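Worksheet for the structure shown next.
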Amino acid sequence: MAGAGGDVLTGGAGHDLMSGGAGADLFVFAPGAGRDTIKGFVIGVDHLSFDGVGAVALKVTGGRATISYGEGDVLAISGPGIAQGLTLDMLLI
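First residue of the sequence shown: 396, per the numbering used here; consecutive thereafter.
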């Protein structure tokens with residue numbers, strides 16, 4: 396969990412549950428981060444960064460986005476508007 400905004404949260408090894416709180420937050424992931432979840436992600440405000448990752452694949456189903464990257468790493472994202480026309484360009488910096 397983070398503070399009042401402008402936070403940088405890094406997904407480490409294992410299963411992490413993250414929420415950036417108010418304001419623009421940056422969530423950073425690298426290979427080996429495992430299976431992580433972000434709750435309350437706001438499109439156009441919060442962003443994702445994948446360090447040292449080749450391909451990134453996005454799947455959106457039922458109000459939840461799942462991003463696969465690295466060798467078996469998975470990130471699940473929920474928040475307002477996630478199911479409505481989400482693209483990787485809207486998420487990544």
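Idealized CB from N, CA, C, for every residue including glycine. Here the structure is a predicted model, which means the values were calculated and not measured.
Beta-carbon spacing of residue i, residue j below 7 Å
| i | j | result |
| --- | --- | --- |
| A471 | T456 | no |
| L453 | L483 | yes |
| F424 | G449 | no |
From the options, residue whose alpha carbon lies closest to that of residue i
| i | options | result |
| --- | --- | --- |
| G429 | G474, F445 and G401 | F445 |
| D467 | A419, G458 and H410 | Residue identity differs from the one stated: residue 467 is Gly in this sequence, not Asp. Of the candidates A419, G458 and H410, the one whose C-alpha sits nearest the C-alpha of G467 is H410. |
| P475 | D441, G449 and G427 | D441 |
| L408 | D420, P426, G418 and G416 | Just to set this straight, residue 408 is Ala in the shown sequence, not Leu. Of D420, P426, G418 and G416, the residue nearest in Cα terms is P426. |
| G447 | I477, I438 and Y464 | Y464 |
| G439 | L421, V469 and T432 | L421 |
Extent of the continuous alpha helix (DSSP H) to which residue i belongs
| i | result |
| --- | --- |
| D484 | L483 to L486 |
For residue i, the first and last residue of its enclosing beta strand (DSSP E)
| i | result |
| --- | --- |
| S444 | H442 to F445 |
| A478 | Unbroken run through A478: none, as it is neither H nor E. |
Beta-carbon contacts of residue i that lie in its chain and below 6 Å, excluding the five residues immediately before and after
| i | result |
| --- | --- |
| G435 | S414 and G474 |
| L486 | L443 |
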